[in-house]
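Engineer: Following the UniProt record's numbering, the numbering of the sequence shown begins with 1 at its first residue and continues without gaps.
Here a beta-carbon is modelled for each residue, glycine too, at the ideal position from N, C-alpha and C.
Below is one structure. I have some questions about it.
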Amino acid sequence: MVFRSFYFSSKCSRYKWIFSIKRNSDGTINRYKARLLAKGFKQVPGIDFDEIYIPIVKSATVRIIISLVVHFGWSLRQLDINNAFLNGHLVEEVFTNQLVGFVDSSNPTAVCHLHRVLYGLHQAPRSWFDRLKANLLSWGFQNSKADNLLFIFRDGSVVLYILVYVNDIIVTGSDVSVIQKFTSKLHGCFALKDIG
Numbered sequence: 001m002v003f004r005s006f007y008f009s010s011k012c013s014r015y016k017w018i019f020s021i022k023r024n025s026d027g028t029i030n031r032y033k034a035r036l037l038a039k040g041f042k043q044v045p046g047i048d049f050d051e052i053y054i055p056i057v058k059s060a061t062v063r064i065i066i067s068l069v070v071h072f073g074w075s076l077r078q079l080d081i082n083n084a085f086l087n088g089h090l091v092e093e094v095f096t097n098q099l100v101g102f103v104d105s106s107n108p109t110a111v112c113h114l115h116r117v118l119y120g121l122h123q124a125p126r127s128w129f130d131r132l133k134a135n136l137l138s139w140g141f142q143n144s145k146a147d148n149l150l151f152i153f154r155d156g157s158v159v160l161y162i163l164v165y166v167n168d169i170i171v172t173g174s175d176v177s178v179i180q181k182f183t184s185k186l187h188g189c190f191a192l193k194d195i196g
């Protein structure tokens, strides 16, 4: 966040804190969670955001990839990106008031200029997908013309298929070591869980 020294209150997104407790299966406390949530319902389409949708992978694409896995005996990995929407970069200018308890006493009227997405902003899903897609394309993947959420990597006899469903990613291909390298590279950019 960057502070700006001017009133912009009519354009500022409001926010609220959401506190929760994550519990283990036996009911004991695993951890305490706090999430800063933008009140995106006050955003105006065409002014505060443009595209907000995130495409959904086609069920036919999933069936074809699973058929390839079975036919060739390939390994299949499932990855879950932690807090995926927070990884998006904002294209639009979004401002919020300073957080209660964190107000800059030397400039209390300043507002925060957000560079990253907060939960609750309409553009959060799209910003996340755009960042993931940019990374995959820069690593040599090609976007399928048949399904926008299928990414294909080819290098000689090696082929890798990546399916994206919001923050879940399925990885399969002809070479287990290349799958592992891809997983490590993705983990270098985003916090993730390798579900197996």
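Let's test the definition: count the other Cβ atoms within 10 Å of the Cβ of R31 and tell me whether it reaches 16, buried, or not, exposed.
Structural biologist: Numbered from 1 along the sequence shown, position 31 holds the residue referred to as residue 31. Label assigned to R31: exposed.
Engineer: Where does R14 sit, in a helix, a strand or coil, going by DSSP?
Structural biologist: Working through the sequence shown from its first residue, we reach residue 14 at position 14. DSSP places R14 in coil when its eight states are reduced to three.
Engineer: Per the DSSP calculation, S20 is bridged to which residue(s)?
Structural biologist: As a position in the sequence shown, residue 20 is number 20, starting the count at 1. Note: S20 sits in a beta bridge opposite K33.
Engineer: Under three-state DSSP, which class holds F8?
Structural biologist: The residue labelled residue 8 in the question sits at position 8 within the sequence shown. Because the pLDDT of F8 is 47, which lies under 50, any placement of that residue in the model is unreliable, and the number read from its coordinates should be weighed accordingly. Here F8 sits in coil by DSSP.
Engineer: For the ligand PLP, is there a heavy atom less than 6 Å away from the beta-carbon of L99?
Structural biologist: Annotation note on the ligand PLP: not contained in the displayed structure, which lists no ligands.
Engineer: Going by the CB atoms, is the gap between K58 and L37 shorter than 7 Å?
Structural biologist: Stepping through the sequence shown from its first residue, residue 37 is reached at position 37. Stepping through the sequence shown from its first residue, residue 58 is reached at position 58. No, the Cβ-Cβ distance between L37 and K58 is not below 7 Å.
Engineer: Where does K185 sit, in a helix, a strand or coil, going by DSSP?
Structural biologist: Taking the sequence shown and counting its residues from 1, one reaches residue 185 at position 185. Three-state result, K185: helix.
Engineer: With burial defined as no fewer than 16 other Cβ atoms inside 10 Å of the residue's Cβ, what is the status of N167: buried or exposed?
Structural biologist: On the sequence shown, position 167 is the one that residue 167 refers to. The residue is buried, with at least 16 neighbouring Cβ atoms inside 10 Å.
Engineer: Report yes if the CB atom of Y165 is closer than 7 Å to the CB atom of I65, and no otherwise.
Structural biologist: The sequence position of residue 165 within the sequence shown is 165, counting from 1. The sequence position of residue 65 within the sequence shown is 65, counting from 1. Their beta carbons are not under 7 Å apart, which means Y165 does not touch I65 by this criterion.
Engineer: Short check: CB of F95 to CB of W128, under 7 Å?
Structural biologist: By one-based count along the sequence shown, residue 95 stands at place 95. By one-based count along the sequence shown, residue 128 stands at place 128. Going by C-beta atoms, F95 is not nearer than 7 Å to W128.
Engineer: Keeping to the same chain, check which residues put their C-beta closer than 8 Å to that of P55; ignore five residues upstream and five downstream.
Structural biologist: Residue numbering aside, residue 55 sits at position 55 when the sequence shown is read from its first letter. So the qualifying residues of the chain are F129, N148 and L149.
Engineer: Assuming L192 and N82 make a contact with CB atoms under 8 Å, what is their CB distance in whole Å?
Structural biologist: By one-based count along the sequence shown, residue 192 stands at place 192. By one-based count along the sequence shown, residue 82 stands at place 82. Contact holds; Cβ gap of about 6 Å.
Engineer: Any idea what DSSP makes of T61, helix, strand or coil?
Structural biologist: Taking the first residue of the sequence shown as 1, we reach residue 61 at position 61. T61 falls in the helix class under three-state DSSP.
Engineer: Compute the beta-carbon to beta-carbon distance between H89 and R131, rounded to the nearest angstrom, for a pair I have assumed lies under 8 Å.
Structural biologist: For the purposes of this step, residue 89 is taken as residue 89 along the sequence shown, with counting starting at 1. For the purposes of this step, residue 131 is taken as residue 131 along the sequence shown, with counting starting at 1. At roughly 6 Å, the Cβ-Cβ gap stays under 8 Å, so H89 and R131 are in contact.
Engineer: Tell me where the beta strand (DSSP E) around D147 begins and ends.
Structural biologist: Residue 147 sits at position 147 when you count from the first residue of the sequence shown. Careful: D147 lies outside any beta strand (DSSP E) and carries neither H nor E.
Engineer: Assign C112 to one of two classes, buried (16 or more other C-beta atoms within 10 Å of its C-beta) or exposed (fewer than that).
Structural biologist: Start at 1 with the first residue of the sequence shown, and residue 112 comes out as number 112. Buried, since its Cβ has 16 or more Cβ neighbours within 10 Å.
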